[in-house]
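Report on the following structure.
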Amino acid sequence: DQLYIPEIQRSDEIGDLARSYSSLITKIKNQLRVLRQQTDTDALTGLGSRYLYKRTAPLFVQQTVGNMSYACFVLCDIDNFKKFNDTYGHIEGDNTLCDVAELFRSFLGKDQPSFRLGGEEFALLVYGNTLDVLQAKVEHLRQAVEALAIPHAKNLPSQVVTISVGAVPLTKITPYPSVDACEKALEQAFEVADKNLYLAKDKGRNVVIMDKPIEI
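Take a look at the structure:
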């Protein structure tokens, strides 16, 4: 990663300056690499950050719909999380966010990335060969969060931590969708999933609502 400057080979003051400049540039590059890594990761949960989601999600969709029938954008929100923090405190709230994040990470693995968008909201990218497979996968994920059995007295009727989920499959109708097309499809999927998430809340929470596929 050392910047090559021809004057580095000189043995006079210009050579000294060239070597100092090259060393400074290398240090700056290394610092930028560290900062990039930090901004890619949510500091609390260790999941991908919103920044990483925006940068990598279109590529995930492009690759997935090229190899499989469906990618799926999943938007999750911990139910009654403000009440949880009010009841148990913010430290327990942070612990719960980390527990749920770890479940997402272990359940989905490295091939299906998870992101914390902020607060108690998470985005997941999953794949499957059929809509039934996608529906079952997201439903199992919802059940797995409930099965953690984290006490939440104000989250009725279950009285444990649960999530509401809005999900939108994506599939291709063109042979090779561009990254830009996948990005636009994801923006549309986000809007639809967000509406479905609020609909899930209206239906009593702890529910998955999956919409019809968006074609790319």
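The sequence shown: position 141 = 141 (full-length UniProt numbering), numbered continuously. The beta carbon of each residue, even a glycine, is placed where N, CA and C say it ideally should be.
Could you have a look at residue i and say whether DSSP puts it in helix, strand or coil?
i     : result
THR26 : helix
SER41 : The question names Ser, but residue 41 is Thr in the sequence shown. DSSP places THR41 in strand when its eight states are reduced to three.
GLY66 : helix
GLY15 : helix
As a quick exercise: from the options, pick the residue whose alpha carbon is nearest that of residue i.
i           : options                      : result
LEU108      : SER20, ASN30, PRO175, LEU134 : LEU134
ASP40       : SER114, ILE173, GLN159       : SER114
PRO151      : TYR51, THR87, GLU13          : THR87
ALA123      : TYR53, ILE216, ASP12, ALA18  : TYR53
residue 250 : LYS110, GLU215, GLN143       : Nothing can be reported for residue 250, as the shown portion of the chain is limited to 1 through 216.
PRO213      : ASP79, ASP111, VAL168        : VAL168
GLY119      : PHE84, ALA153, GLN143        : PHE84
GLN112      : ALA181, LEU125, GLY15, ARG33 : LEU125
GLY204      : ASN80, LEU141, HIS90         : ASN80
LYS154      : LYS82, GLN31, ASP16          : LYS82
Near residue i, which residues of its chain fall below 6 Å by C-beta distance, leaving aside the five closest residues on each side in sequence?
i      : result
ILE209 : GLY166, ASN196, LEU199, ALA200
ASP42  : SER49, ARG116
Which same chain residues end up closer than 8 Å to residue i when comparing Cβ atoms and leaving out the 5 residues on each side of it in sequence?
i      : result
SER69  : GLY128, ASN129, THR130, THR171
ASP194 : LEU75, GLY166
ILE173 : GLU215, ILE216
Once the 5 residues before and after residue i are set aside, which same chain residues still bring their CB inside 7 Å of it?
i      : result
GLU92  : none
ILE182 : According to the sequence displayed, residue 182 carries Cys and not Ile. Counting only Cβ-Cβ distances below 7 Å, and skipping sequence neighbours, we find PRO58, VAL61, GLN62, ILE216.
SER158 : GLU146, ASN206
For this session: Evaluate the contact criterion for the segment 58-72 versus the segment 3-12: three or more CB pairs, one atom per stretch, below 8 Å.
Result: no
For this session: Could you tell me which uninterrupted alpha helix (DSSP H) segments, each at least 4 residues in length, are contained entirely in the UniProt domain "GGDEF" (69-213), listed from first to last along the chain?
Result: Here the runs fully enclosed are 81-88, 90-108, 131-147, 179-202.
Exercise. At a cut of 8 Å, does the segment 73-80 reach the segment 185-204 through at least three beta carbon pairs?
Worked result: Cβ pair count under 8 Å is three or more, so yes.
Exercise. With a cut-off of 8 Å, do at least 3 Cβ pairs link the segment 38-57 to the segment 91-110?
Worked result: yes
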